[in-house]
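**Student:** Below is one structure. I have some questions about it.
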Amino acid sequence: MSHSLQRAAGWLLAGLGLGCGLSVGAAPLALEGELYARDSIALMPPSIDGLWQLNISLLAPDGAAVKAGEPVLGFDATQLQNNLREKQSQLDEKMSQQHKLRLELAERERNETVALEQARAELEKAQRKASQPAELLASIEYRKLSVDKQLAEQAFALAERKHRLAAEQRRQEQRALQAEIAQLSAEVKRIETGIGQMTQVAPRDGLLQHKSGWDGNKFEVGSQVWRGLAVAELPDPASMAVRAHLPETDYLKLRAGDVVDVRVEGSGLTLPARVEAIGRAVISKSRLQPVPVIEVTVSFEPEALASHSKKLKPGQAVRVLRADRQGESVNDE
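Mapping to full-length UniProt numbering: the sequence shown position 15 is 15, numbers consecutive.
Spelled out as structure tokens, the structure:
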């Protein structure tokens, strides 16, 4: 019989069972699954300009119980430290240039002010001489004084213009250098912030879980990781639930709200739970096991989860068993 015929037969038999009034939901049922956290904080490389691949230099052990504020993940900051030294050196050089420029500009301002005052004094002198009554001076001498006055006025106007332009030039030179200093200061601060982000602390208490890279291997000290890829996660124990696989042929044997027991493999722990949701899409169980299954979400009873959450870890294998009596379940440690 082909697979499609077997599937049709399974659905038909299940339908007949329901039609005959059989309690399909009471049939024994065991599902394979694993624990997962609904709420989990991912730890990943910081987003720093120019850094796309980082080396892990610190990583707390997989499954370790960590405290909030404890360093749990770190990345090699050698490149950033080299960049910081380079930018700090450039900043120090610009600061030195700024000090020298201030002295130079102050000297230039004094010289330009002296030149302006000299032009003013020459103008006032020429104005006094030209203000003498014309009848007291020879015509040639008077015309000469008038010309001297005009020349002095032109010289003073030119000196004033040069003084204004020189002052504006000094301001522009200061602004340009100050802009370079501000940019370098911002870059130094950004790099310092980046170096601080290279070491990450646990945002809350919990069990640290290592993630796997594209090659399927879990990250460890010395591993290279691309920016944006989670290295580890810190799940919230209070958000633990079960993700199980229901064989397609058993689809009608389980309902949302059914009471079940969740047995954590290798721990001897069995907790009461309920079926929260049953998926609608049929998927393959895994690449190695192309068995058609439906994903089932199972929620722990609140009191049981509160009492045993610290004993549960994401990824732990579990078996979901139909409770012997609906509405009751066992809680063995």
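For every residue, glycine included, the Cβ atom is placed at its ideal position computed from N, Cα and C.
Remember, it's a predicted structure, so these values are computed and weren't measured experimentally.
1. Is it buried or exposed for Ala152, if we count other Cβ within 10 angstroms and need 16 for buried?
2. Looking at the secondary structure, which residues open and close the alpha helix (DSSP H) in which Leu29 lies?
3. So, Ala241 versus Lys211, is the Cβ gap smaller than 8 Å?
4. My understanding is that Val298 touches Val320, with C-beta atoms under 8 Å, so please give their C-beta distance in whole angstroms.
5. The alpha helix (DSSP H) with Glu303 in it runs from where to where?
6. If I measure Cβ to Cβ from Gly194 and keep anything under 6 Å in the same chain, skipping five residues before and after, which residues do I get?
7. Kindly give me the distance between the Cβ atoms of Val262 and Val296, rounded to whole angstroms, as I take these residues to be in contact under 8 Å.
8. Tell me whether the beta-carbon of Ile56 lies closer than 8 Å to the beta-carbon of Phe300.
9. Under three-state DSSP, which class holds Gly213?
10. Give me whichever residues DSSP pairs with Ile48 in a beta bridge.
11. Between Arg85, Pro237, Leu101 and Gly315, which has its C-alpha nearest Leu184's C-alpha?
12. Can you list, in chain order, the residues of its chain with a C-beta nearer than 6 Å to that of Arg102? Leave out the 5 residues immediately preceding and following it.
13. For the beta strand (DSSP E) that Arg274 lies in, which residues bound it at each end?
14. Does the separation of the CB atoms of Gln88 and Val201 fall below 8 Å?
15. Going by the CB atoms, is the gap between Gln209 and Pro314 shorter than 8 Å?
16. Identify the continuous beta strand (DSSP E) that holds Thr199 and give its terminal residues.
17. On the three-state DSSP scale, how would you describe Phe219?
18. Using the DSSP secondary-structure output, state which residues sit across from Ala37 in a beta bridge.
19. Over the uninterrupted beta strand (DSSP E) stretch that includes Asp261, give me the two end residues.
**Tutor:** Short version:
1. buried
2. Counting along the chain, Leu29 falls outside any alpha helix (DSSP H), and DSSP gives it neither H nor E.
3. no
4. 6 Å
5. Pro302 to His308
6. Ile48 and Leu80
7. With a Cβ gap of about 11 Å, Val262 and Val296 do not count as contacting.
8. no
9. coil
10. Paired residue(s): none; Ile48 is not in a bridge.
11. Arg85
12. none
13. Leu269 to Ser284
14. no
15. yes
16. Thr199 to Val201
17. coil
18. Met240
19. Val259 to Val264
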